[in-house]
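Chains as they are written, first to last, in the numbering used here: chain A, -5 to 326; chain B, -5 to 326.
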């Protein structure tokens, strides 16, 4: 059987992760990268064609892909690229602005349905695997709620969104934000209390900030602590460090998380389910999940399905390279 | 929308759990119990009709069920009841003899396909949720293996199969077997070593045995330790206790387990996923999962699907009572 031909659309951290992940999936191959800035990407490697993303006709004709994995950002890239591209080819993306997923789903569903393509949206580990585990937790333990925690290890989990938010403050030269789960909050959930948390009850935030020369430390600390949504609701610790200290301490993109639901079965017997993940590289984790979804999307397209889908709409067997016989014999 | 009408077929521990679980799912209702021994079951409750399982025409006509949840045992009941019943009505079962699942799937698929029914087989927590997590672990971390461990807590997990095996030994009046995971084995997997284990490397077995009067303790201990498959491959501890001690120590059906897969992403970044469950009552846990699958099976049947399916063939959204809009807005 011929390999699934994948185009990587966008070459940032996730795009690099997708190229690496595809090498571990022998039933798939990367046939090229498309980018808004192909000259920049061409400096990174020479073994694959790199074409301008906007020339869709050209790269569809040249690369004959089965699917495009969209690796752009959720804020500015995907809301534009997503509907435009899924009108031309099957797509997968990791759109992760949770509150706007229903709206993004509508746009993608309209474009993919009318053009006859499959568009799997908002996958990775959260949204993605965690969404799946939240649904399973609630379905198998009715009446309980599934909670998500992030940054359970000592170092916490690196949040790119919060790091970016820190860097928008005038006087901040560079910054990283680590999220920490509150252990007592996890224990409350594990005990089956199904508590009504405020966001600040579940997580704390730790910032490592490099100042520009002459910046006002106190004013910046105040700006961080009062930033609505990002930091104001949380207990926030701020460390001012040098660029060298930041580089030494904050290498890589580690992140981790937990979905947990607890309640009772029958006449009050305790019941608890937990899904835990730990990633040395957050963007590579997202990339691995995207690639498995690309396999699923191509299968769905070959079955004549069309429109937008999420991980909640896809049977697990579609993610696996194993045959039905192998799944029944070795995985059940 | 009218409720899903469920018949419970078989009234043992799992059947009792299904009745309890259905009360927590407002979109479903139990319309009756069918049993090989309805007189025995009628002594347990009066609020529901109880009919002889063999009179299929009669209970289909009287109860008008959408689906039957088959709660019989995997050894003798389901291989006979399953194909007979899924030829008449949609079914769910927890057939858990892992090595015979492919064969059972074939039989159920033939009967359900030709009669136009949906038969979801082999669900619960293992096979069931754990099967799903094994497939997801392997799909998202290609090259890693997903391992299952049981009995991680101090008390271990009560294995009904092994308890039954102990009770077949002449001179044994009563017995319980607790499975314990080997912590060092879990740590090996967590470190990403993907080790090649023998069964005895992963678990140990602890037996609580009540002897009949005059039974030969040493002969029975020897019979346990050398029992092929069940105990011979494992480090096995045996406690001889009185019936009172057994009853006091071994109340309920607690069990728990872990699916874990670990490897790397990209250029060697560590990656680990784990699914952990802890159940105060093993049969009630199975029952909760069966009930969510009954919802899924009825939906599939209403879409015109037919044949045998496993949890690997069913999208997560089908298990949930929530609408697509609610799933997109609250669970993604």
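Think of the CB as a built atom: it goes at the ideal place given N, C-alpha and C, for glycine as much as any other residue. As the structure is a prediction and not an experimental result, all values here were calculated from the model.
Check                                                                                                                                                        : Outcome
How would you label residue 71 of chain B, buried or exposed, when you count the other beta carbons within 10 angstroms and need 16 or more for buried?      : buried
Determine the DSSP secondary structure at residue 98 of chain A, reduced to helix, strand or coil.                                                           : helix
Who are the neighbours of residue 326 of chain B on chain A, taking C-beta pairs under 7 Å?                                                                  : 92, 95, 116, 121, 125 and 304
Where residue -4 of chain A and residue 60 of chain A are concerned, what is the direct C-alpha to C-alpha distance, given to the nearest angstrom?          : 11 Å
Is there a C-beta anywhere in chain B that falls below 7 Å from the one on residue 7 of chain A?                                                             : no
Please classify residue 228 of chain A: does DSSP put it in a helix, a strand, or coil?                                                                      : coil
Rounding to the nearest angstrom, what Cα-Cα distance links residue 182 of chain B and residue 49 of chain B in this structure?                              : 53 Å
Tell me, please, which residues DSSP counts as bridged to residue 22 of chain A.                                                                             : A:-2
Is the CB-CB distance between residue 290 of chain B and residue 313 of chain B below 7 Å?                                                                   : yes
Cα-Cα, which of A:311, A:167, A:120 and A:266 is closest to residue 324 of chain B?                                                                          : A:120
For residue 9 of chain B, does the three-state DSSP call read helix, strand or coil?                                                                         : helix
Would you mind working out which of A:275, A:147, A:46 and A:262 sits nearest residue 180 of chain A, comparing C-alpha positions?                           : A:147
Measure the alpha-carbon distance for residue 308 of chain B versus residue 286 of chain B and round it to whole angstroms.                                  : 11 Å
Can you tell which of A:110, A:101 and A:109 has its C-alpha closest to the C-alpha of residue 116 of chain A?                                               : A:101
Taking Cβ positions only, does residue 267 of chain B come closer than 7 Å to chain A?                                                                       : yes
So if I threshold CB-CB distances at 9 Å, which residues from the stretch 271 to 286 of chain A count as touching chain B?                                   : 271, 272, 273, 274, 275, 277, 278, 279, 281, 282, 283, 285 and 286
Nearest chain A C-beta to residue 252 of chain B closer than 7 Å, yes or no?                                                                                 : no
Quick check: the stretch 234 to 245 of chain A against the stretch 229 to 236 of chain B, are there 3 or more CB pairs under 8 Å?                            : no
For residue 313 of chain A, decide whether its Cβ has a neighbour in chain B, counting only Cβ atoms nearer than 7 Å.                                        : yes
Could you check where the alpha helix (DSSP H) with residue 32 of chain B kicks off and where it finishes?                                                   : 32 to 36
Under 8 Å Cβ-Cβ, which residues of chain A neighbour residue 319 of chain B?                                                                                 : 96
Please classify residue 31 of chain A: is it buried, with 16 or more other beta-carbons within 10 angstroms of its beta-carbon, or exposed?                  : exposed
Assign residue 39 of chain A to buried or exposed, taking buried as 16 or more other Cβ atoms, counted over all protein chains shown, within 10 Å of its Cβ. : exposed
Under the DSSP definition of a beta bridge, which residues are partnered with residue 304 of chain A?                                                        : Paired residues: none, contrary to the question.
Look at residue 332 of chain B and residue 143 of chain B and say whether their C-beta atoms are less than 7 Å apart.                                        : One cannot answer for residue 332 of chain B here, as it falls past the ends of chain B, which runs -5 to 326.
Is the CB-CB distance between residue 255 of chain A and residue 135 of chain A below 7 Å?                                                                   : yes
According to DSSP, is residue 270 of chain B part of a helix, a strand, or is it coil?                                                                       : strand
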